[in-house]
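Working notes for the structure below.
Numbering (the working numbering), first residue to last: 2 to 242.
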């Protein structure tokens, strides 16, 4: 996956790597070849021709723009954690998730690792690295939280709030150049565009989009069921990474 991403970065929107390494040393090469043996199965062929000979330069990894989620179990003896740490050190936007157990096949043996990968791949852009505990609550709670309309709107408000805060951060990190006022206006227009997903319109007062959404979330907290409110209180500021 990493080799494909560095060869065709324009085709990759998000990248997930499990138990990866940019290079294979001599000891690791000999270990992989011993595992592959002389067989002709697909797995053995991939080990010999791809895995055992991987060598991706740091410069190529540094040029990869796609947000990347790396997973490497602590007890992986086949590809130790240092491999994922080497990749992360050169990526532009990334997160390294280290489950306690699972070995080299942690996505098979560790359900939490698989869930984190799926959340990363399907989450809104502003919540790619968020541990979405309210989504987990909706999927696992026996109280059928998705049937509470106030809770569902609260959850959607949080998703919108994540986008608004992401836009605010991008503006704060932009150098104050001559075209900054124009950029600020563009960001503000984008914020109001995001807000329309909640069917909320610009007010007559001086409230910002972020303040409007937070006020709406506070109002919804008072109207949702007690079970939903308990889930929200446990989640706290769940929309931030």
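Don't be surprised by glycine CBs; every beta carbon is placed ideally from N, CA and C.
No experiment lies behind these values; they were computed from the predicted model shown.
Checklist entry - What's the call for residue 122, buried or exposed, on a 16-neighbour Cβ count within 10 Å? => result When all chains shown are included, residue 122 counts as exposed.
Item to check | Extent of the continuous beta strand (DSSP E) run through residue 69 | outcome: Taken as a continuous stretch (DSSP letters only), the beta strand (DSSP E) holding residue 69 covers 69 to 72.
Item to check | Residues bridged to residue 218 [DSSP beta-bridge criterion] | outcome: Residue pairing from DSSP leaves residue 218 without any beta-bridge partner.
Checklist entry - What's the C-alpha gap between residue 155 and residue 73? => result Rounded to the nearest angstrom, the two C-alpha atoms are 34 Å apart.
Checklist entry - Among residues of its own chain, excluding the 5 on either side of residue 135, which ones have a beta-carbon nearer than 8 Å to its beta-carbon? => result In chain order, 156, 159, 232, 233, 236 and 239 place their CB closer than 8 Å to the CB of residue 135, counting only its own chain and leaving out the 5 sequence neighbours on each side.
Item to check | Residue interval of the beta strand (DSSP E) (run including residue 95) | outcome: Taken as a continuous stretch (DSSP letters only), the beta strand (DSSP E) holding residue 95 covers 95 to 98.
Checklist entry - Are at least three pairs of beta-carbons, each pair with one atom in the region 164 to 172 and one in the region 183 to 201, less than 8 Å apart? => result The region 164 to 172, when compared against the region 183 to 201, does touch it at the 8 Å Cβ threshold.
Item to check | Bridge partner(s) assigned by DSSP for residue 16 | outcome: Answer is 69.
Checklist entry - Would you say the region 76 to 96 touches the region 40 to 47, given that touching needs at least three Cβ pairs under 8 Å? => result No: the two stretches stay apart, fewer than three of their Cβ pairs being nearer than 8 Å.
Checklist entry - Where residue 108 and residue 115 are concerned, what is the direct C-alpha to C-alpha distance, given to the nearest angstrom? => result Residue 108 and residue 115 have their alpha carbons spaced roughly 5 Å apart.
Next on the checklist: Less than 6 Å between C-beta atoms, sequence neighbours within five positions excluded: which residues of the same chain meet that for residue 130?
Outcome noted: The residues 96 and 242, in chain order, have a CB closer than 6 Å to that of residue 130 in the same chain once the five nearest residues on each side in sequence are set aside.
Checklist entry - For the region 115 to 149, which segments carrying the alpha helix (DSSP H) assignment without a break, of at least 4 residues, lie completely within its bounds, in sequence order? => result As far as the region 115 to 149 is concerned, its whole alpha helix (DSSP H) runs of at least 4 residues are 134 to 141.
Checklist entry - With distances taken between CB atoms, is the gap from residue 88 to residue 37 smaller than 9 Å? => result Residue 88 places its beta carbon 9 Å or farther from that of residue 37.
Checklist entry - Straight-line CA distance for residue 85 to residue 125? => result Whole-angstrom Cα-Cα distance: 24 Å.
Item to check | Integer-rounded CB distance, given that residue 54 should sit under 8 Å from residue 25 | outcome: Contact flag correct, Cβ pair sits at about 7 Å.
Checklist entry - Exposed or buried, which one is residue 117 when buried takes at least 16 other CB atoms within 10 Å? => result Classification for residue 117: buried.
Item to check | Endpoints, the alpha helix (DSSP H) within which residue 194 is located | outcome: Taken as a continuous stretch (DSSP letters only), the alpha helix (DSSP H) holding residue 194 covers 181 to 196.
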